[in-house]
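Trainee: Below you'll find the structure I mean.
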Amino acid sequence: MFSRKAAAGLINPETLPPTESAAARHSLRAYLQTGDWLLLQSMSLNPSEFGWIVGVHWYDPVPTLDLIAPEELLQFTSCNCSGDCSTRWCRCKKNGLRFISACGGCKGITCKNYIHDDAESGEHSDLDF
């Protein structure tokens, strides 16, 4: 049933819970913000120790290096777009996922959202990102 819903594009990635790593980093950033509010900035906490990358004029959140979902779930995630998955309208491309044969419009045949074998290095490289 899950794979049928995924193939039909009925599962929104936004509704999935965060990964353990993403939740931990979010908790650090929330702790820093709460500390700033409660202490009224009387005590300066170092943002780089609480999930932020310190830039020249701003802070960026530390990105997670984990998969956005368990591998088993990613195998069943697909889009149901009518094009060739070459634009960000494609749900899979928008969320950094590659096609599977259950994708709606292209079925993986005309898909532009794929992993290409690099003949020189023998490794996979990502295209169209």
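Residue numbering for the sequence shown is 1 to 129, as defined by the UniProt record's numbering. C-beta atoms are modelled at their ideal positions from N, C-alpha and C, and glycine is treated no differently.
Name the residue from Val56, Gly55, Glu49 and Ser86 whose alpha carbon lies nearest to the alpha carbon of Ser27.
Mentor: Numbered from its first residue, the sequence shown carries residue 27 at position 27. Answer by Cα proximity: Glu49.
Trainee: Take Thr19 as the anchor and find which of Asp36, Glu71, Ala30 and Ser44 has the nearest alpha-carbon.
Mentor: Position 19 of the sequence shown, counted from the start, is the residue given in the question as residue 19. Residue Glu71 is the option with its Cα nearest to Thr19.
Trainee: Since residue 130 and Gly51 should fall inside the 8 Å C-beta cutoff, what is the C-beta to C-beta distance between them, to a whole number of angstroms?
Mentor: No information on residue 130 is available, as it lies outside the stretch 1 to 129 that the chain covers here.
Trainee: Note down, in chain order, each residue of its chain lying with its Cβ closer than 7 Å to the Cβ of Val62, except the 5 sequence neighbours on either side.
Mentor: To locate residue 62, count along the sequence shown from 1; it is residue 62. Counting only Cβ-Cβ distances below 7 Å, and skipping sequence neighbours, we find Arg25, Gly51, Trp52 and Ile53.
Trainee: Which residue comes first and which comes last in the beta strand (DSSP E) that contains Trp37?
Mentor: To locate residue 37, count along the sequence shown from 1; it is residue 37. Counting along the chain, Trp37 falls outside any beta strand (DSSP E), though it belongs to the alpha helix (DSSP H) covering Glu20 to Leu39.
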